[in-house]
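Trainee: The structure's right below; bear with me while I get my questions together.
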Amino acid sequence: MKRAKFTSRVKKTLAGRAGHKCSYPECGRGTSGPGVSTSEVAITGDAAHIYSAADRGPRGRGGLSISELTDVKNGIWLCAEHHRLIDLNRGDRFPPETLNGYKDRHERRIAKEQGYLPFREVEEIYISCSSVFADDTVLRLSKVMLIVGSNGTGKTFLFRLLNSLSNEPRSKLGSLFREEENLSYSIRLSNPEHQVRFSGVGNQVTLSLDGAAVPFNPLTVAIFFEEERTRLQPLENFLRSKRSKLDSEPPDDLLLLSEYWEIEPDLVRKLVAKAGTFVEHAFNNPRFEVAMGVSRLLVNDKRWRPDASIHKISGGMLEMLSLDVAIAYAMHMSEHHPTMLLLNTGFLHLDHNHMGRYVDFLLSNEVKFQTLIATCSFNPEYRKIPWEIVHIRRVGGKSIVELEQAGEF
Ligand SMILES: [Zn+2]
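So that you can map any letter, position 165 of the sequence shown is 146 in the numbering used here, and since no number is skipped, the others follow by simple counting.
Laid out in structure tokens, this is it:
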């Protein structure tokens, strides 16, 4: 085959998408500047091939055709120094997956500098084989989605599949596969577009990215999976159980909450301070006050008390606090990573007006992450809320998913 050269249009696209900066981690060197004459531009960067342009070049051709090799997808924008570096020793230190990871990370950072971040990160989950869902089940995800299904239909299973995109230890993923005789599913990411595929028998998990086997998923998504963190225990019950054990001395609220959410105390402090700021609330101004070395969390209960301890406020308010902290955590993560918020709890004790205000906020441009909320009870009032609704039903021993169309049901 002849050398697969990029056209000048492809080079221009790659340079532009890279913000005319080198995509190598921590390099970021500018690659365009003033030329010799006042009307000239000097370009010092290179469009490097991810799979090789030449038959025997670095990383090989990976079985790609000439048109695939010359496509924008096969290029990464680098400064001359890093172009040389990645091609040394036949590119052994820089396999295609690594370079794709560099490219995605860099383009994300550039998008962020521009003040724009794509918010729909996970486009679709496709379950080809599992014990729970019918073969070839497809679920397209939107920015805010409600998943309705009675117990045992597979809502948690679905969340656990999505959770495999996070950079949790592989052992957790292994346990997901161990319980399944034969599990295979893939998740399509939308921006940039990639497909991560998980399949396995027992705890032998194989992972591929865009069809090529990879040792780990380089395109991780930060996931706040509420249920995994709190083990389905509402905050109210958790606090009560801790109080009874700690009768003699007052509990340190900051440490308790850190234990409950498995989040570092410093971050808990920041997240809790955001509670009550997303939508109008029954409480405001949450704050930690330290007395004799012990932190207490106080809020202003709008109806009657100015300094209410979280041990005295209602379970409903604690639910709102939990929801707000989960949202604040996702906001925090989404500043640097693609992020998903998975909620599988009784948050829908909130009436539909209150829930609707949350969903309006979660759909706003301010929010750069996706939210999936699972519930087992459906209230027709939910149709007034602008989320997409999906129903999971059992049909012939397996679950199927159905998107609710307007006017249906
Ligand atoms: Zn560089």
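For each residue, glycine too, the CB sits at the ideal point set by N, CA and C.
Closest to Arg268 by C-alpha separation, out of Ala289, Lys283, Arg284, would be which residue?
Mentor: Comparing Cα-Cα distances from Arg268 to each of Ala289, Lys283, Arg284, the minimum goes to Ala289.
Trainee: State yes or no: is the C-beta of Tyr83 nearer than 7 Å to some heavy atom of ligand 1?
Mentor: Not under cutoff, so the answer is no.
Trainee: Here's the rule: buried if 16 or more other CB atoms are within 10 angstroms of the residue's CB, otherwise exposed. What is Arg374?
Mentor: By the 10 Å Cβ count, Arg374 comes out exposed.
Trainee: Ligand 1 and Leu331: does any heavy atom of the ligand fall closer than 7 Å to the residue's C-beta?
Mentor: Leu331: no, Cβ never under 7 Å from ligand 1.
Trainee: Considering only DSSP beta bridges, list what Val249 is partnered with.
Mentor: Val249 is not bridged to any residue.
Trainee: Which one of Arg277, Glu161, Leu146, Ser131 has the shortest CA to CA distance from Cys357?
Mentor: The shortest C-alpha separation from Cys357 is found at Ser131.
Trainee: If you reduce the DSSP assignment to three classes, tell me which class Pro15 lands in.
Mentor: Reduced to three states, the DSSP call for Pro15 is strand.
Trainee: If I'm right that Ile291 touches Val275 with Cβ under 8 Å, what's the distance once you round it to whole angstroms?
Mentor: Actually they are not in contact, since the Cβ atoms of Ile291 and Val275 sit about 13 Å apart, beyond 8 Å.
Trainee: Check whether the Cβ of Glu385 lies closer than 7 Å to any heavy atom of ligand 1, and answer yes or no.
Mentor: Answer for Glu385: no, Cβ out of range of ligand 1.
Trainee: Do Ser180 and Ser165 come within 8 Å of each other at the CB atom, strictly closer than that value?
Mentor: Contact flag set, yes.
Trainee: As a quick exercise: from Ser315, Glu362, Gln351, Trp58, pick the residue whose alpha carbon is nearest that of His335.
Mentor: The candidate whose alpha carbon is nearest that of His335 is Glu362.
Trainee: Flag this pair as touching only if the segment 102 to 111 and the segment 60 to 78 have three or more C-beta atom pairs under 8 Å; answer yes or no.
Mentor: With a cut-off of 8 Å, the segment 60 to 78 and the segment 102 to 111 do not count as touching, because too few Cβ pairs lie within range.
Trainee: Run the proximity test for Leu59: is its beta-carbon closer than 7 Å to any non-hydrogen atom belonging to ligand 1?
Mentor: Yes, the Cβ of Leu59 comes within 7 Å of a heavy atom of ligand 1.
Trainee: Looking only at C-alpha atoms, which of Asn55, Phe114, Tyr32, Cys3 sits nearest to Glu62?
Mentor: Of the listed residues, the one whose Cα sits closest to Glu62 is Cys3.
Trainee: Please confirm if the segment 334 to 353 is in contact with the segment 110 to 117, defined as three or more CB-CB distances below 8 Å between the two stretches.
Mentor: Touching, no, given that fewer than three Cβ pairs across the two stretches are closer than 8 Å.
Trainee: Does the Cβ of Cys8 lie closer than 7 Å to at least one heavy atom of ligand 1?
Mentor: Yes - ligand 1 has a heavy atom lying nearer than 7 Å to the Cβ of Cys8.
Trainee: Assign Gly391 to one of three DSSP states: helix, strand, or coil.
Mentor: Because the chain is modelled from -18 through 390, residue 391 falls outside the range shown and cannot be assessed.
Trainee: Report the start-end ranges of each alpha helix (DSSP H) in the segment 191 to 248 that is 4 residues or longer and not cut off at the edges.
Mentor: Taking only runs of at least 4 residues, the alpha helix (DSSP H) segments lying wholly in the segment 191 to 248 are 207 to 211, 216 to 226, 234 to 242.
Trainee: For Ala413, tell me which candidate among His317, Pro199, Leu304, Glu162 has the shortest Cα-Cα distance.
Mentor: Nothing can be reported for residue 413, as the shown portion of the chain is limited to -18 through 390.
Trainee: What are the start and end residues of each continuous beta strand (DSSP E) run of 3 or more residues lying completely inside the segment 79 to 144, in chain order?
Mentor: Fully enclosed beta strand (DSSP E) runs of 3 or longer: 103 to 110, 118 to 121, 125 to 129.
Trainee: Which of helix, strand or coil does DSSP assign to Phe264?
Mentor: Phe264: strand per DSSP, three-state reduction.
Trainee: Apart from the five residues on each side of it in sequence, which residues of its chain come closer than 8 Å, Cβ to Cβ, to Pro287?
Mentor: Only Asn281 meet the Cβ criterion.
Trainee: Starting from Arg169, trace the beta strand (DSSP E) in both directions and tell me its first and last residue.
Mentor: Taken as a continuous stretch (DSSP letters only), the beta strand (DSSP E) holding Arg169 covers 164 to 171.
Trainee: Tell me whether Cys110 counts as near ligand 1, meaning its Cβ is closer than 7 Å to at least one heavy atom of that ligand.
Mentor: It does not: the Cβ of Cys110 is nowhere closer than 7 Å to a heavy atom of ligand 1.
Trainee: How many whole angstroms separate the CB atoms of Leu324 and Glu207, which I take to be in contact at a CB cut-off of 8 Å?
Mentor: Contact holds; Cβ gap of about 5 Å.
Trainee: Shorter than 7 Å, the distance from the beta carbon of Glu88 to the closest heavy atom of ligand 1, or not?
Mentor: Flag unset: Cβ of Glu88 not near ligand 1.
Trainee: Which word fits Trp285, buried or exposed, when buried means at least 16 other C-beta atoms lie within 10 angstroms of its C-beta?
Mentor: When all chains shown are included, Trp285 counts as exposed.
Trainee: Ordered along the chain, which non-local residues of its own chain (more than five positions away) have a Cβ less than 7 Å from that of Ala35?
Mentor: Arg(-16).
Trainee: Specify, as a first and last residue, the run of the alpha helix (DSSP H) that Glu62 falls within.
Mentor: 61 to 68 is the extent of the alpha helix (DSSP H) around Glu62.
Trainee: Buried or exposed: Val400, going by 16 or more other Cβ atoms within 10 Å of its Cβ?
Mentor: The structure shown has nothing for residue 400, since the chain only spans -18 to 390.
Trainee: Where does Phe359 fall in DSSP's three states?
Mentor: It is coil, neither helix nor strand.
Trainee: Is the beta carbon of Tyr5 within less than 7 Å of some heavy atom of ligand 1?
Mentor: It does: the Cβ of Tyr5 is within 7 Å (strictly closer) of some heavy atom of ligand 1.
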